[in-house]
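Sequential numbering from 70 applies to the sequence shown in this note's numbering.
Take a look at the structure set out below.
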Amino acid sequence: MRVLITGGAGFLGLHTARGFAKKGYDVRLLDIAPVDLEEYPPGTEYVRGDVRDRDTLERAMDGVDVVIHAAAALPLWSPEEIWDVNVNGTRAVLDVALKKGVDRVVFISSTAVYGVPEGGRAEREDDPLRGVGPYGESKIAAERVCEEYRKKGLTVPILRPKTFIGPERLGIFSILFDWIKDGARIPIIGDGNNRYQLLDVDDLVDAELLMVEGDGELVNDVFNVGAERFGTWNEDLGALIDHAGTGSTILHLPAGPTKFILRFLEKLRLSPLYEWAYSTADRDHYVSIEKIVNTFNWHPRYSNAESLIRTYDWFIENYDELKKKEGVTHRSVWKQGVLSVVKRLMMIRFPF
Numbered sequence: 070m071r072v073l074i075t076g077g078a079g080f081l082g083l084h085t086a087r088g089f090a091k092k093g094y095d096v097r098l099l100d101i102a103p104v105d106l107e108e109y110p111p112g113t114e115y116v117r118g119d120v121r122d123r124d125t126l127e128r129a130m131d132g133v134d135v136v137i138h139a140a141a142a143l144p145l146w147s148p149e150e151i152w153d154v155n156v157n158g159t160r161a162v163l164d165v166a167l168k169k170g171v172d173r174v175v176f177i178s179s180t181a182v183y184g185v186p187e188g189g190r191a192e193r194e195d196d197p198l199r200g201v202g203p204y205g206e207s208k209i210a211a212e213r214v215c216e217e218y219r220k221k222g223l224t225v226p227i228l229r230p231k232t233f234i235g236p237e238r239l240g241i242f243s244i245l246f247d248w249i250k251d252g253a254r255i256p257i258i259g260d261g262n263n264r265y266q267l268l269d270v271d272d273l274v275d276a277e278l279l280m281v282e283g284d285g286e287l288v289n290d291v292f293n294v295g296a297e298r299f300g301t302w303n304e305d306l307g308a309l310i311d312h313a314g315t316g317s318t319i320l321h322l323p324a325g326p327t328k329f330i331l332r333f334l335e336k337l338r339l340s341p342l343y344e345w346a347y348s349t350a351d352r353d354h355y356v357s358i359e360k361i362v363n364t365f366n367w368h369p370r371y372s373n374a375e376s377l378i379r380t381y382d383w384f385i386e387n388y389d390e391l392k393k394k395e396g397v398t399h400r401s402v403w404k405q406g407v408l409s410v411v412k413r414l415m416m417i418r419f420p421f
């Protein structure tokens, strides 16, 4: 079977390609960004182009059995671009897939569709959707498009993953790991006693395979995906800091004033942190994975702490090379902006 991975140049695209190749799939990538095929399994094909371009999509889907639609505009992009890529791009992918007779399209959504969590309870697939900002709103709209194409006969499993990490994940985590590496204090919003669920990218790839290989009627639904074992920020981040052994400590910041300042800095484009990241940082934020567990008897392998540690270890092992990879994707080291000044302050050890 041949799988097409949209967004194939990205962090998830790379790991999806490796995971599917190991299972014997022929892999084809579609991305507007250039791809270094040496990083991918032997035999991987690459089509360069935009998911909004139907001619490119038709060429990319020739001979394809299934599609993993992981291409997305990230929260740091302009609102107009986010909507166009995430909503109109998804419609184009599904439309061409239906025309080409593709068996199924797995859509990678996000738990950002639930909005800022309230009440300290696990969010379930049938909860109301209240996306935060252009990114969350666009993912809700894209899911609605998926529902349209289900009615037309296309099988469209939807996965709502938590923030996923693992080796080669950079982005916002490159900032955290850089600070820990240098022994800086790590400021977090709030008291750190909130439970915050993450997800390992290898577990997400396993869930994708489940959607591709599972019974068509069972998978044609919406499923949350997140770590099964996770604690509070103090516990999981503390485990990473202990593992690193660099002398970093956690510094708790008052939530209200900190969010106000970060919102102001974001509008001035002085900070890489976006609203979704800081607005949920002090809240209990986790989803129920009972549906995917009970339906398929599937369990994720990695805990929050295990995923953080293995991602950090990869960062340290590859640090010298990573310094050359600045950008705004999950596989790039983000420019820290004004946070670089804050980092220097966090490295000062006061005698009181």
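Just so you know, even glycine gets a beta-carbon here, dropped at the ideal spot from N, CA and C.
Remember, predicted model here, so these are calculated numbers, not experimental data.
Residues 155, 156, 159 of the same chain have their beta carbon placed closer than 6 angstroms to that of residue 211, with the five preceding and five following residues left out of the count.
Annotated as distal: residue 135 and residue 126, with beta-carbon spacing of 8 angstroms or more. A distance below 7 angstroms between beta-carbons, with the five flanking residues on each side excluded, links residue 236 to the following residues of its chain, in chain order: 379, 380, 383. Residue 200 sits close to residue 208, with the two beta carbons spaced by under 8 angstroms.
DSSP, read as helix, strand or coil, puts residue 180 in helix.
Residue pairing of residue 293 in beta bridges, as defined by DSSP: 229.
A straight-line Cα-Cα distance of about 20 angstroms links residue 263 and residue 317. According to the DSSP assignment, residue 97 belongs to the beta strand (DSSP E) that extends over 95-100.
At least 8 angstroms separates the beta-carbon of residue 100 from that of residue 132. No residue range can be given for residue 343, since it is assigned to no beta strand (DSSP E) and is classified by DSSP as neither H nor E.
For the options 352, 111, 342, 130, the alpha carbon positioned closest to that of residue 240 is the one of 342. Using a C-beta cut-off of 8 angstroms, the stretch 250-263 makes no contact with the stretch 285-293, since fewer than three inter-stretch Cβ pairs fall below that distance.
Pairing residue 312 with residue 186 gives a Cβ-Cβ distance that is not under 8 angstroms. Judged by DSSP in its simplified three-state form, residue 194 adopts coil rather than helix or strand. Considering only 296, 366, 348, 332, the residue with the shortest C-alpha distance to residue 372 is 296. By a beta-carbon distance limit of 8 angstroms, residue 182 does not contact residue 163. Their separation comes to about 18 angstroms. Note on geometry: alpha-carbon atoms of residue 259 and residue 324 lie some 5 angstroms from one another. Using a Cβ distance threshold of 8 angstroms, residue 97 and residue 114 count as a contacting pair.
The residue from 326, 360, 375, 327 with its alpha-carbon nearest to that of residue 298 is 375. In this structure, the beta-carbon distance from residue 347 to residue 331 falls below 8 angstroms.
Straight across, the Cα-Cα distance linking residue 83 with residue 216 is about 27 angstroms.
Taking C-beta atoms as the reference points, residue 255 and residue 320 count as a pair closer than 8 angstroms. Cβ-Cβ separation between residue 85 and residue 274: approximately 5 angstroms, consistent with a contact (criterion under 8 angstroms). In the three-state scheme derived from DSSP, where H, G and I count as helix and E and B as strand, residue 73 is classed as strand.
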